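Trainee: Residue numbers (our numbering), protein chains in the order written: chain A, 7 to 194; chain B, 7 to 194.
Number of protein chains: 2
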Amino acid sequence: MTILQYINSNFDPVFESNADLPFTVTKGEFEKGEIITSYGKIEQKAYFLINGLVEVTMLHELDEKILDFFFPNSFFCSYTSFLLQQPSDVQIAALTSCELEIINYTELQNAYKTSLLANQLGRVVTENLYINKTNREKDFLTKSAEERYIELLSNREDIIKMIPVNKIAKYLGIHPDSLSRIRKKIIS
Amino acid sequence: MTILQYINSNFDPVFESNADLPFTVTKGEFEKGEIITSYGKIEQKAYFLINGLVEVTMLHELDEKILDFFFPNSFFCSYTSFLLQQPSDVQIAALTSCELEIINYTELQNAYKTSLLANQLGRVVTENLYINKTNREKDFLTKSAEERYIELLSNREDIIKMIPVNKIAKYLGIHPDSLSRIRKKIIS
Numbered sequence: 007m008t009i010l011q012y013i014n015s016n017f018d019p020v021f022e023s024n025a026d027l028p029f030t031v032t033k034g035e036f037e038k039g040e041i042i043t044s045y046g047k048i049e050q051k052a053y054f055l056i057n058g059l060v061e062v063t064m065l066h067e068l069d070e071k072i073l074d075f076f077f078p079n080s081f082f083c084s085y086t087s088f089l090l091q092q093p094s095d096v097q098i099a100a101l102t103s104c105e106l107e108i109i110n111y112t113e114l115q116n117a118y119k120t121s122l123l124a125n126q127l128g129r130v131v132t133e134n135l136y137i138n139k140t141n142r143e144k145d146f147l148t149k150s151a152e153e154r155y156i157e158l159l160s161n162r163e164d165i166i167k168m169i170p171v172n173k174i175a176k177y178l179g180i181h182p183d184s185l186s187r188i189r190k191k192i193i194s
Numbered sequence: 007m008t009i010l011q012y013i014n015s016n017f018d019p020v021f022e023s024n025a026d027l028p029f030t031v032t033k034g035e036f037e038k039g040e041i042i043t044s045y046g047k048i049e050q051k052a053y054f055l056i057n058g059l060v061e062v063t064m065l066h067e068l069d070e071k072i073l074d075f076f077f078p079n080s081f082f083c084s085y086t087s088f089l090l091q092q093p094s095d096v097q098i099a100a101l102t103s104c105e106l107e108i109i110n111y112t113e114l115q116n117a118y119k120t121s122l123l124a125n126q127l128g129r130v131v132t133e134n135l136y137i138n139k140t141n142r143e144k145d146f147l148t149k150s151a152e153e154r155y156i157e158l159l160s161n162r163e164d165i166i167k168m169i170p171v172n173k174i175a176k177y178l179g180i181h182p183d184s185l186s187r188i189r190k191k192i193i194s
């Protein structure tokens, strides 16, 4: 899916091409392992993932935490950095080769001043990001690592298989050995 | 501050009265201790807190967790329930007597279809909720309870004094005795 298709399937207007959109959309590509947004950078772009898989990490002392994975057909960026135009405290990297579309910060802010559609899009995308963030918070407070792993599997089984086990463990906030035990238990 | 004043101070249009807004705003009041949204209810209202203090809690087994406090001049509701129109897994209660304004779910959704301002407001409010939620996640991952308490104090000292210590401990995710030790250490 592209941004144009996302808009056409979520909102009323049916647009024929990117030229109809209230902001410019450009194409982008990243290789597997490439950094999309580095720590300390001020995020100037919002990305829409057409193909591929992306991780959002955070450094704490010598430890790297995984905050999020992003899957195709979703918007992502270092959103707090993007919104506040402050240096990013997260890093975004391509876990696989990625094909994506890009909206520039300044263009989007200009579109927000006058465009109903840009604001509808920004609102709905942010609502979804909020729901995901809240669900993750509630899951951490109320569910075991095993329950959270099963949920991740049942929602995204095809994609989860593409993520290295040590990264899934970091995302769940547990030691890779604990995840191995959980995986063995589920399979048996 | 009222919703009208919030809109006038954050967006371009300068409105003279609630009649100019793209949705109806009604007044509401809650007594100290009163439940605003109960567990299991589908949230039909978005609230703007004029005066008072509100807590958002979640039940897990016999344990009650505090997810959020809301302070004057901010919008709140059981937002995931509101957005998805699903039963609320959180409860919202008035920690003090509260004066607030209310926007109805159906009216807001209708306004979202055509009103630039309603979408700008919904977008900006959701962006702020997202930033708060993300900051809390990052704080949990990278800061000690003591650091998080000091931050809470420095941001909201006047209001934090109004919240019972056991509730602050629940919000920080620590035992009340641990918070007492932290408080003694800070004072000394």
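Yeah, the Cβ is synthetic: ideal placement off N, Cα and C, and Gly gets one too. Small disclaimer: the values here were computed from a predicted structure and weren't measured.
Please state the DSSP three-state secondary structure of D95/A.
Mentor: Here residue 95/A refers to the residue found at position 89 of the first sequence. D95/A falls in the coil class under three-state DSSP.
Trainee: Which residue marks the beginning of the beta strand (DSSP E) containing Y53/A, and which one marks its end?
Mentor: Here residue 53/A corresponds to residue number 47 of the first sequence, with the count starting at 1. From DSSP, the beta strand (DSSP E) with Y53/A extends over 51–57.
Trainee: Less than 9 angstroms between CB atoms is the rule here; does Q126/B satisfy it with respect to chain A?
Mentor: Indexing the second sequence from 1 puts residue 126/B at position 120. For Q126/B, the answer is yes, since a Cβ of chain A falls inside 9 angstroms of its Cβ.
Trainee: Is it a yes or a no for the stretch 75–89 of chain A touching the stretch 183–190 of chain A, going by three-plus beta-carbon pairs under 8 angstroms?
Mentor: They do not touch, by the three-pair rule.
Trainee: What residue does the beta strand (DSSP E) around N110/B start on, and which one ends it?
Mentor: On the second sequence, position 104 is the one that residue 110/B refers to. Taken as a continuous stretch (DSSP letters only), the beta strand (DSSP E) holding N110/B covers 104–110.
Trainee: Does DSSP put K149/A in a helix, a strand or coil?
Mentor: Taking the first sequence and counting its residues from 1, the one referred to as residue 149/A is at position 143. Looking at K149/A - three-state DSSP - the assignment turns out to be coil, as it is neither helix nor strand.
Trainee: At least one CB of chain B closer than 9 angstroms to the CB of R154/A: is that the case?
Mentor: In the first sequence, residue 154/A corresponds to position 148, counting from 1. No, no contact with chain B.
Trainee: To which residues of the same chain is Y177/A closer than 6 angstroms at the C-beta, ignoring the five residues directly before and after it?
Mentor: Here residue 177/A is taken as the residue at index 171 of the first sequence, counted from 1. Cβ within range, chain order: I72.
Trainee: Please work out which residues of its chain come closer than 6 angstroms, Cβ to Cβ, to T37/A, disregarding the five sequence neighbours upstream and downstream, and give them in chain order.
Mentor: Here the question's residue 37/A lines up with position 31 in the first sequence. One point to set straight first is that residue 37/A is Glu, not Thr, in the sequence displayed. Around E37/A: S103.
Trainee: Which same chain residues, not among the five before or five after Q50/B, have their C-beta less than 6 angstroms away from its C-beta?
Mentor: The residue you call residue 50/B lines up with position 44 of the second sequence. Y111.
Trainee: Identify the continuous alpha helix (DSSP H) that holds V171/A and give its terminal residues.
Mentor: As a working note, residue 171/A is residue 165 in the first sequence. Looking at the DSSP string, the run of the alpha helix (DSSP H) that includes V171/A is 171–178.
Trainee: Just to confirm my understanding: we take Y118/A, look at its own chain, exclude 5 residues before and 5 after, and list those with CB closer than 8 angstroms. What are they?
Mentor: The sequence position of residue 118/A within the first sequence is 112, counting from 1. Result list for Y118/A: A124, N125, G128, in chain order.
Trainee: Which bits of chain B does H181/A rub up against, with CB to CB less than 7 angstroms?
Mentor: Within the first sequence, residue 181/A is the residue found at index 175, counting from 1. By Cβ distance, chain B contributes nothing, its closest Cβ being about 16 angstroms from H181/A, past 7 angstroms.
Trainee: For G179/A, which residues from the same chain have a beta carbon less than 8 angstroms from its beta carbon, with the 5 sequence-adjacent residues on both sides left out?
Mentor: For the purposes of this step, residue 179/A is taken as the residue at position 173 of the first sequence. Within the same chain, G179/A has close Cβ partners K71, F146, A151.
Trainee: Cβ of L68/B less than 9 angstroms from any chain E Cβ?
Mentor: The structure shown contains no chain E; its protein chains are A and B.
Trainee: Please confirm whether T120/A and P28/A have their CB atoms less than 9 angstroms apart.
Mentor: Residue 120/A sits at position 114 when you count from the first residue of the first sequence. Residue 28/A sits at position 22 when you count from the first residue of the first sequence. It is a contact, given that the beta carbons lie within the stated cut-off.
Trainee: Below 8 angstroms, is the gap between the Cβ of L147/A and the nearest heavy atom of the ligand ATP?
Mentor: Ligands displayed in this structure: none; no statement on the ligand ATP is therefore possible.
Trainee: Would you please verify whether the beta carbon of N57/A is less than 9 angstroms from any beta carbon of chain B?
Mentor: Here the question's residue 57/A lines up with position 51 in the first sequence. False, the Cβ-Cβ gap to chain B never drops below 9 angstroms.
Trainee: Could you give the distance in angstroms between the alpha-carbon of G34/A and the alpha-carbon of E107/A?
Mentor: Residue 34/A sits at position 28 when you count from the first residue of the first sequence. Residue 107/A sits at position 101 when you count from the first residue of the first sequence. Approximately 6 angstroms, taken between the alpha carbons.
Trainee: Along the stretch 147–175 of chain B, what residues have a CB closer than 8 angstroms to any CB found in chain A?
Mentor: Cβ contacts with chain A come from L147, T148.
Trainee: Where does V60/B sit, in a helix, a strand or coil, going by DSSP?
Mentor: Mapped onto the second sequence, residue 60/B falls at position 54. V60/B: strand per DSSP, three-state reduction.
Trainee: Taking the straight line between their C-alpha atoms, what separation do you get for D164/A and I156/A?
Mentor: In the first sequence, counting from the first residue as 1, residue 164/A sits at position 158. In the first sequence, counting from the first residue as 1, residue 156/A sits at position 150. Distance between the alpha carbons of D164/A and I156/A: 13 angstroms.
Trainee: Would L55/B pass as a contact of F88/B if the rule is Cβ separation under 9 angstroms?
Mentor: Counted from its first residue, the second sequence places residue 55/B at position 49. Counted from its first residue, the second sequence places residue 88/B at position 82. No.
Trainee: Taking L114/B as the reference, which of S15/B, N134/B, E22/B, T30/B has the closest Cα?
Mentor: Within the second sequence, residue 114/B is the residue found at index 108, counting from 1. Ranking S15/B, N134/B, E22/B, T30/B by Cα distance to L114/B puts T30/B first.
Trainee: Residues of chain A with CB under 8 angstroms from E143/B, in chain order?
Mentor: Here residue 143/B refers to the residue found at position 137 when the second sequence is read from its first residue. Simply L73, K139, R142, E143.
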